[in-house]
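A short write-up of the structure that comes next.
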Amino acid sequence: MIKVNELTHDYGHGRGVFDVSFEVGKGETLGFLGPNGAGKSTTMRHLMGFSKPQKGEVSIGGLDCTAKPSEIMKNVGYLPGEVALPEGLSGRQFIKMMQDMRGVRNDERVRELLERFKLDPSGSVKRMSIGEKRKLAVVTAFMSDPEILLLDEPTSGLDPVMQEEFISFIREEKVKGRTILLSSHIFSEVEALCDRIAIIKDGRLVSTVDAAEIRHGLHNIMTIEFENAGDFTEFGRQELDFALRDRSSLKCSVVVDDEDINRFIRAIRRFRIKSFAEHSVTLEEYFMHFYKNDKHFGGVSYA
Ligand SMILES: Nc1ncnc2c1ncn2[C@@H]1O[C@H](COP(=O)(O)OP(=O)(O)OP(=O)(O)O)[C@@H](O)[C@H]1O
Ligand SMILES: [Mg+2]
761 MIKVNELTHD
771 YGHGRGVFDV
781 SFEVGKGETL
791 GFLGPNGAGK
801 STTMRHLMGF
811 SKPQKGEVSI
821 GGLDCTAKPS
831 EIMKNVGYLP
841 GEVALPEGLS
851 GRQFIKMMQD
861 MRGVRNDERV
871 RELLERFKLD
881 PSGSVKRMSI
891 GEKRKLAVVT
901 AFMSDPEILL
911 LDEPTSGLDP
921 VMQEEFISFI
931 REEKVKGRTI
941 LLSSHIFSEV
951 EALCDRIAII
961 KDGRLVSTVD
971 AAEIRHGLHN
981 IMTIEFENAG
991 DFTEFGRQEL
1001 DFALRDRSSL
1011 KCSVVVDDED
1021 INRFIRAIRR
1031 FRIKSFAEHS
1041 VTLEEYFMHF
1051 YKNDKHFGGV
1061 SYA
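Numbered by this note's numbering, the letters in the sequence shown go through residues 761 to 1063 in order.
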């Protein structure tokens, strides 16, 4: 349903998006994660047809987003990362303006959404709090009951109760078979909602993982404490994926995937070990590994 193919937009000084490719299938929710400035909003803006790719194509439901921006606008529920609302309107007037723009009249749905997100639209948009503005954007994004949703950090600015409400709302949308691209910095939200997760960094896609894989433990970290410094040093020479080597505590942490487990066991057999612990990498740890720009799992102690 959503297709991004080698999307490139270079804003200079290494900024922008470069050769980004991914797809979101019908009924699928793809989480889009990455540090500030990674290119999430830029990718989404291209999908909405607001910016034109310098190279590559973006399409939604087979429609080229660059060539058919008005059709994209009609069919897609877009929640922008930064909500810019026209001043001098009340919330109610803004909703009406958006209904006119999209050519929809769906007062019942609007009423339901206002009720659900506890928003009073009578006040002026200018005087609304950040959270109220976000809620107004939620109402206008969802009022036409769109099949495809582009949600750019949808819960930022919402209080914890409203964040939860929003997550259960999206769960219901998933049940209805919606196709969703969701950018977020909140791991629990991503874990709760996404089927797959794509990680973008410095404008490039660095990893795509199955959420189920993460729930089952993506990688295992083995932490071994040695009895003596000689063994600690010798073990450090093994060809393994070390996450941490701490001489003062004589501890090593090693990333061991399921297919590496036999090799790992062979490697530790001849050493004298004081303690041994295993744990699996959560989405948060996995993400932080990209976030912090470390080759390995960045000096975090997994003991
Ligand atoms: N129109 C533009 N002109 C110049 N630079 C731009 C433009 N749009 C985006 N950029 C740059 O591209 C990079 C990606 O920005 P983008 O807003 O996509 O990041 P993001 O992943 O959404 O980050 P955040 O988590 O902070 O929302 C940034 O370095 C930004 O400054
Ligand atoms: Mg953004």
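Note that beta-carbon positions come from the ideal geometry of N, C-alpha and C, so glycine has one too.
Alpha carbon of residue i to alpha carbon of residue j, nearest angstrom
{"i": "K800", "j": "E868", "result": "33 Å"}
{"i": "S1040", "j": "A971", "result": "14 Å"}
{"i": "A798", "j": "Y1051", "result": "10 Å"}
{"i": "E1141", "j": "V966", "result": "Because the chain in this structure spans residues 761 to 1063, residue 1141 falls outside the shown range and cannot be described."}
{"i": "D779", "j": "E817", "result": "10 Å"}
{"i": "R865", "j": "E1044", "result": "42 Å"}
{"i": "C954", "j": "K936", "result": "15 Å"}
{"i": "L790", "j": "T993", "result": "43 Å"}
{"i": "G996", "j": "I1033", "result": "14 Å"}
{"i": "C825", "j": "H806", "result": "7 Å"}
Assigned exposure category for residue i - 16 Cβ within 10 Å defines buried
{"i": "E932", "result": "exposed"}
{"i": "T900", "result": "buried"}
{"i": "G963", "result": "buried"}
{"i": "E783", "result": "exposed"}
{"i": "S1009", "result": "exposed"}
{"i": "I959", "result": "buried"}
{"i": "S889", "result": "exposed"}
{"i": "A1003", "result": "buried"}
{"i": "R938", "result": "buried"}
Opening and closing residue of the beta strand (DSSP E) in which residue i lies
{"i": "H769", "result": "I762 to G772"}
{"i": "E817", "result": "K815 to I820"}
{"i": "I981", "result": "N980 to F986"}
{"i": "A958", "result": "R956 to K961"}
Residue from the options whose Cα sits closest to the Cα of residue i
{"i": "K961", "options": "V777, M761, I762 and Q998", "result": "V777"}
{"i": "E985", "options": "I974, H979 and R1007", "result": "R1007"}
{"i": "S943", "options": "V935, G937, K934 and I957", "result": "I957"}
{"i": "D919", "options": "K893, S882, P829 and E1044", "result": "K893"}
{"i": "Q859", "options": "A1027, K834, E788 and K934", "result": "K834"}
{"i": "E924", "options": "I908, L790, I946 and G937", "result": "I946"}
{"i": "A1037", "options": "I908, K1011 and V843", "result": "K1011"}
{"i": "N1022", "options": "I1033, K1034 and L1000", "result": "L1000"}
{"i": "T968", "options": "G772, K786 and L793", "result": "L793"}
Subject >> Contact the stretch 868-883 vs the stretch 834-847: 3+ CB pairs below 8 Å >> reply: no
Subject >> Meets three-Cβ-pair contact criterion under 8 Å: the stretch 761-769 and the stretch 813-821 >> reply: yes
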